[in-house]
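Asker: Numbering follows the numbering used here, in which position 69 of the sequence shown is assigned residue number 643; successive positions increment by one, without gaps. Heads up, the beta-carbon is just placed ideally off N, CA and C, and yes, glycines get one too. These numbers were taken from a predicted model, which means no experiment stands behind them. Could you have a look at this structure, given as structure tokens, before my questions?
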Amino acid sequence: MLYFDFAAYVRQNWRALFRSRGTPYRLTPKRAAFLFLFNLFYIILEIINHFFFLLDEIFFPAYRQQEIRNPVFIIGNPRSGTTFLHRLMFKDKDTFTAFTVWELAIAPSITQRKIIWFFSKIGKAIGRPLSRAAQAINKSLRKGKAHVAHTVRIEEAEEDEHIMFHCWASETMFNLYPYLDEVYPYFYFDREIPRERQDKIMLFYRRMLQKHLYAHGGNQILLSKNPSHSSRIAALSREFPDAHFIKLVRNPFEALPSMLNAMSIGINLFCDPPERYPFTQQHMELMKYYYLYPLEFFKDKPDKCKFIQYEELVAHPDVITRKLYEWLNLPISPTFAAELEAETKAEKHYHSQHRYPLEEMGLTEEQIINEFKEVFSIYAFDQHEFELPEEAFGKEQPEWASRRKQK
Numbered sequence: 575m576l577y578f579d580f581a582a583y584v585r586q587n588w589r590a591l592f593r594s595r596g597t598p599y600r601l602t603p604k605r606a607a608f609l610f611l612f613n614l615f616y617i618i619l620e621i622i623n624h625f626f627f628l629l630d631e632i633f634f635p636a637y638r639q640q641e642i643r644n645p646v647f648i649i650g651n652p653r654s655g656t657t658f659l660h661r662l663m664f665k666d667k668d669t670f671t672a673f674t675v676w677e678l679a680i681a682p683s684i685t686q687r688k689i690i691w692f693f694s695k696i697g698k699a700i701g702r703p704l705s706r707a708a709q710a711i712n713k714s715l716r717k718g719k720a721h722v723a724h725t726v727r728i729e730e731a732e733e734d735e736h737i738m739f740h741c742w743a744s745e746t747m748f749n750l751y752p753y754l755d756e757v758y759p760y761f762y763f764d765r766e767i768p769r770e771r772q773d774k775i776m777l778f779y780r781r782m783l784q785k786h787l788y789a790h791g792g793n794q795i796l797l798s799k800n801p802s803h804s805s806r807i808a809a810l811s812r813e814f815p816d817a818h819f820i821k822l823v824r825n826p827f828e829a830l831p832s833m834l835n836a837m838s839i840g841i842n843l844f845c846d847p848p849e850r851y852p853f854t855q856q857h858m859e860l861m862k863y864y865y866l867y868p869l870e871f872f873k874d875k876p877d878k879c880k881f882i883q884y885e886e887l888v889a890h891p892d893v894i895t896r897k898l899y900e901w902l903n904l905p906i907s908p909t910f911a912a913e914l915e916a917e918t919k920a921e922k923h924y925h926s927q928h929r930y931p932l933e934e935m936g937l938t939e940e941q942i943i944n945e946f947k948e949v950f951s952i953y954a955f956d957q958h959e960f961e962l963p964e965e966a967f968g969k970e971q972p973e974w975a976s977r978r979k980q981k
């Protein structure tokens, strides 16, 4: 039986209904409507999913013997280029496999995927109805708020944190149930979650990865992108001793406002807070932790993690990716080399339209400098680069790798 924190599910919904007065998750008509609709669909969906999890044990029990060899985990602060690198490396489908949006949302089990793939093959003979449906969904996602943080396509690689929704043990739930004392500790997984619960959650995660690899043939390398894994590096290293990590870092003046905006969109969508940017101080402390904790953990393990600056990645994605492949001892196929060249040309013409005025978030430049003083020092970020728009990358950065080793 796969892990599910049923007690937490009941407790958090009880709190949402009867202990929410005067909080950012106060029970307004909007919030009540969300709770009703979300729980209605969530309960139905999870009954279906766990039924298919049971079928996996009957029809595909061999998945439990599926090896997870040399998984690669892309980590970093939210809004630091993790999605870009993840989707770029995912183009090398001969080498890597990753969860896609549709697999995370509606087909976490092997059985569900086999059924969908079966009907997809039949659909090719009758005009590809599933393909047309996917295109319609992608079009609706582009029109909605779901694409504000990054574009969403149902066949595209996505962060596998969403798989943890199926066991009710994820910090992603914070936008739905913003409880600092109960849900926020998941943002500090290694430090705040008891070891016994960590082990249960990690076993669930392992089973989900095994199901995914088994369904896709079992011969590829698991490629995971998850900013939240920045706080799980100890647990992941215990569970997957041969894992490698790629840590993306970005100037706090760019990453922090972008992350606060993304969190604000989420909490204002699912809750009805009296202020637009709640929990700003907590999010700032979390961002700082995501910068510093991996440095501390990997300082004696230089062969396990590569640190890459966002500016370097977006300026030279082909060079950075080739260096990563060399570090991972992986060959680059001619097909993927062509993909890299095309992506590099496309990135040169990309211009972000996002602007996040600090004053609207209740922040000042001096506050960020003081809060992230250690981060600026270790990573050698330019403290005055905040005046540049997001697309003004490519500036030569000072050396900082040796400084992190001294940390």
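Between the Cα of Phe670 and those of Phe955, Cys741, His857 and Asn793, spot the shortest distance and give me the residue it belongs to.
Answerer: Start at 1 with the first residue of the sequence shown, and residue 670 comes out as number 96. Of the listed residues, the one whose Cα sits closest to Phe670 is Asn793.
Asker: Quick check on DSSP: helix, strand or coil for Thr671?
Answerer: Position 97 of the sequence shown holds residue 671. If DSSP states are grouped into helix, strand and coil, Thr671 belongs with the strands.
Asker: Based on the DSSP secondary-structure assignment, which residues constitute the bridge partners of Cys879?
Answerer: Your numbering for residue 879 matches position 305 in the sequence shown. Answer is Phe819, bridged to Cys879.
Asker: Please classify Asp734: is it buried, with 16 or more other beta-carbons within 10 angstroms of its beta-carbon, or exposed?
Answerer: Reading the sequence shown from its first residue, position 160 is the one you call residue 734. Buried, because 16 or more other Cβ atoms sit within 10 Å of the Cβ of Asp734.
Asker: Please report the distance separating the alpha-carbon of Asp630 from that of Thr685.
Answerer: Taking the first residue of the sequence shown as 1, we reach residue 630 at position 56. Taking the first residue of the sequence shown as 1, we reach residue 685 at position 111. Computed Cα separation, rounded: 6 angstroms.
Asker: Rounded to a whole number of angstroms, what is the C-alpha to C-alpha distance between Pro603 and Phe610?
Answerer: The count along the sequence shown starts at 1 and reaches residue 603 at position 29. The count along the sequence shown starts at 1 and reaches residue 610 at position 36. Using only the alpha carbons, I get a separation of about 11 angstroms.
Asker: Please report the distance separating the alpha-carbon of Gln601 from that of Arg595.
Answerer: Reading the sequence shown from its first residue, position 27 is the one you call residue 601. Reading the sequence shown from its first residue, position 21 is the one you call residue 595. According to the sequence displayed, residue 601 carries Leu and not Gln. Each residue's Cα considered, the two are about 7 angstroms apart.
Asker: I believe Tyr864 touches Ser804 by the beta-carbon criterion, under 8 angstroms. Please report the beta-carbon distance rounded to the nearest angstrom.
Answerer: To locate residue 864, count along the sequence shown from 1; it is residue 290. To locate residue 804, count along the sequence shown from 1; it is residue 230. The pair is a contact, with the Cβ atoms about 4 angstroms apart (cut-off 8 angstroms).
Asker: Check for me: the beta strand (DSSP E) holding Val646 runs from which residue to which?
Answerer: Reading the sequence shown from its first residue, position 72 is the one you call residue 646. Element bounds for Val646: Val646 to Gly650.
Asker: Return yes when the C-beta of Pro908 is under 7 angstroms from any heavy atom of the ligand NAD, and no when it is not.
Answerer: The ligand NAD is not among the ligands present in this structure, which contains no ligands whatsoever.
Asker: The alpha helix (DSSP H) with Leu750 in it runs from where to where?
Answerer: Within the sequence shown, numbered from 1, the residue matching residue 750 stands at position 176. Leu750 -> no alpha helix (DSSP H), and no H or E assigned at all.
Asker: Helix, strand or coil: which one does DSSP assign to Lys873?
Answerer: Position 299 of the sequence shown, counted from the first residue, corresponds to residue 873. Note: Lys873 maps to coil in three-state DSSP.
Asker: Please return the same chain residues whose Cβ sits closer than 7 angstroms to the Cβ of Lys778, not counting the five positions on each side in sequence.
Answerer: Taking the first residue of the sequence shown as position 1, residue 778 is located at position 204. Note that residue 778 is Phe in the sequence shown here, rather than Lys. Contacts found: Leu576, Tyr577 and Cys741.
Asker: Decide if the stretch 781-799 is in contact with the stretch 836-845; the criterion is three or more beta carbon pairs, one per stretch, under 8 angstroms apart.
Answerer: no
Asker: On a CA-only basis, which of Ser838, Gln640, Val646 and Gln941 is nearest Met782? Give me that one, please.
Answerer: Locating residue 782 in the sequence shown gives position 208, counting from the first residue. Of the candidates Ser838, Gln640, Val646 and Gln941, the one whose C-alpha sits nearest the C-alpha of Met782 is Gln640.
Asker: Please work out which residues of its chain come closer than 8 angstroms, Cβ to Cβ, to Ala808, disregarding the five sequence neighbours upstream and downstream, and give them in chain order.
Answerer: Taking the sequence shown and counting its residues from 1, one reaches residue 808 at position 234. For Ala808, where only same-chain residues beyond five positions count, the Cβ hits under 8 angstroms are Asp764 and Phe871.
Asker: Helix, strand or coil for Ile767 per DSSP?
Answerer: Translated into positions along the sequence shown, residue 767 becomes position 193. Note: Ile767 maps to coil in three-state DSSP.
Asker: What would DSSP say about Ile839, mapped onto helix, strand or coil?
Answerer: Within the sequence shown, residue 839 is the residue found at index 265, counting from 1. Three-state result, Ile839: helix.
Asker: Could you check which residue in Lys667, Leu810, Tyr851 and Ala829 has the C-alpha nearest to that of Ser838?
Answerer: For the purposes of this step, residue 838 is taken as residue 264 along the sequence shown, with counting starting at 1. Checking every option, the nearest Cα to that of Ser838 belongs to Tyr851.
Asker: Which term fits Ala672, buried or exposed, when burial requires 16 or more other beta carbons within 10 angstroms of its beta carbon?
Answerer: Taking the first residue of the sequence shown as 1, we reach residue 672 at position 98. By the 10 Å Cβ count, Ala672 comes out buried.
Asker: When the Cα atoms are used, what is the spatial distance from Pro815 to Arg605?
Answerer: As a first step, residue 815 must be located in the sequence shown, where it is residue number 241. As a first step, residue 605 must be located in the sequence shown, where it is residue number 31. Rounded to whole angstroms, Pro815 to Arg605 spans 43 angstroms at the Cα level.
Asker: Can you tell me which of Ile642, Thr938 and Glu732 puts its alpha carbon nearest to the alpha carbon of Tyr658?
Answerer: The residue labelled residue 658 in the question sits at position 84 within the sequence shown. Looking at the sequence provided, one finds Phe at residue 658 rather than Tyr. Comparing C-alpha distances from Phe658 to each of Ile642, Thr938 and Glu732 shows the shortest one belongs to Glu732.
Asker: Can Ile894 and Leu887 be called in contact, C-beta distance under 8 angstroms?
Answerer: Reading the sequence shown from its first residue, position 320 is the one you call residue 894. Reading the sequence shown from its first residue, position 313 is the one you call residue 887. A contact, by the Cβ cut-off of 8 angstroms.
Asker: If you drop the 5 nearest sequence neighbours on each side, which residues of the same chain put their C-beta closer than 7 angstroms to that of Phe626?
Answerer: Looking up residue 626 in the sequence shown gives position 52. Only Ser683, Thr685 and Gln686 meet the Cβ criterion.
Asker: So, does the stretch 651-667 touch the stretch 819-827, judging by three or more C-beta pairs under 8 angstroms?
Answerer: yes
Asker: Three-state secondary structure (DSSP) at Ala590?
Answerer: Walking along the sequence shown from the start, residue 590 turns up at place 16. Ala590: helix per DSSP, three-state reduction.
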